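Engineer:
Numbering (UniProt numbering), first residue to last: 1 to 195.
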């Protein structure tokens, strides 16, 4: 159970999100709506956190997360670039599946997708990683954060952190829709969503 508060923010929308293309570690920029969402998240965060200057700020190094962080910090009237990046908060790797949509993958490799559907927590795509592996790296990254923190990251990472830090069951976490433009507040072994 954590006594710190983690304000988890999924990056704003990208064009790949719109068409359902698996991004993983691919560096896909925000689209126009994604930039608007990033600004809205800053306002939500200001209402939730109180003194936003007292928080630590950490981002995935992927540009969609970094741009989201910069926009939300601008909205909070904080120095735009005064935050850390940590590769351990990068999205789950989909390996060779990155850049494809689920319908494309089902046509190309139905059996592998079926195995993933049956056990999404433990399945790793070719050259990718499983949620179980993801939990290890993001859990270790969070353990090093000493203060209440804003973490701008990705849907898969938020699912893993809700399991590790809030006790969400694997089966529930693996299929949870993680919204863009929302803040997932993890504290004292539970979580709430605000937008």
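All C-beta atoms, glycine included, are put in the ideal place defined by N, C-alpha and C.
Predicted, not measured: the structure shown is a model, and the values here were computed from it.
Less than 9 Å between the beta carbons of residue 65 and residue 152, yes or no?
Structural biologist: Yes, Cβ-Cβ distance for residue 65 and residue 152 is below 9 Å.
Engineer: Where does residue 6 fall in DSSP's three states?
Structural biologist: It is a strand residue.
Engineer: Considering only the beta carbon of each residue, do residue 9 and residue 184 sit closer than 9 Å?
Structural biologist: Against a cut-off of 9 Å, the Cβ pair of residue 184 and residue 9 comes out as a contact.
Engineer: Can at least three beta-carbon pairs, one atom from the stretch 31 to 48 and one from the stretch 113 to 133, be found at a separation below 8 Å?
Structural biologist: With the cut-off at 8 Å, the stretch 31 to 48 and the stretch 113 to 133 do not touch.
Engineer: Nearest-angstrom Cα distance between residue 147 and residue 3?
Structural biologist: One C-alpha to the other measures close to 9 Å.
Engineer: In angstroms with no decimal places, state the Cα-to-Cα distance between residue 137 and residue 162.
Structural biologist: C-alpha separation (whole angstroms): 14 Å.
Engineer: Counting along the chain, where does the alpha helix (DSSP H) carrying residue 153 start and finish?
Structural biologist: Unbroken run through residue 153 is the beta strand (DSSP E), 149 to 153; no alpha helix (DSSP H).
Engineer: Are residue 59 and residue 86 closer than 9 Å when you measure CB to CB?
Structural biologist: In this structure, residue 86 lies closer than 9 Å to residue 59 by Cβ.
Engineer: At what residues does the beta strand (DSSP E) containing residue 58 begin and finish?
Structural biologist: Run containing residue 58: 56 to 59, per the beta strand (DSSP E) assignment.
Engineer: Checking the sheet assignment: what are the DSSP bridge partners for residue 191?
Structural biologist: DSSP lists 186 as partners of residue 191.
Engineer: So what's residue 21 in DSSP terms, helix, strand or just coil?
Structural biologist: In the structure shown, residue 21 sits in a strand (DSSP, three-state: E or B).
Engineer: Residue 116 to residue 51, Cα distance in whole Å?
Structural biologist: Using only the alpha carbons, I get a separation of about 42 Å.
Engineer: Below 8 Å on the Cβ atoms is my contact criterion, and I expect residue 94 with residue 22 to pass it. Report the Cβ-Cβ distance as a whole number of Å.
Structural biologist: That pair is a contact at about 5 Å.
Engineer: From the DSSP output, in three-state form, read off residue 30 for me.
Structural biologist: Residue state, collapsed to three classes: strand.
Engineer: With 16 other CB atoms within 10 Å as the buried threshold, where does residue 57 fall?
Structural biologist: Its Cβ being crowded by 16 or more others within 10 Å, residue 57 is buried.
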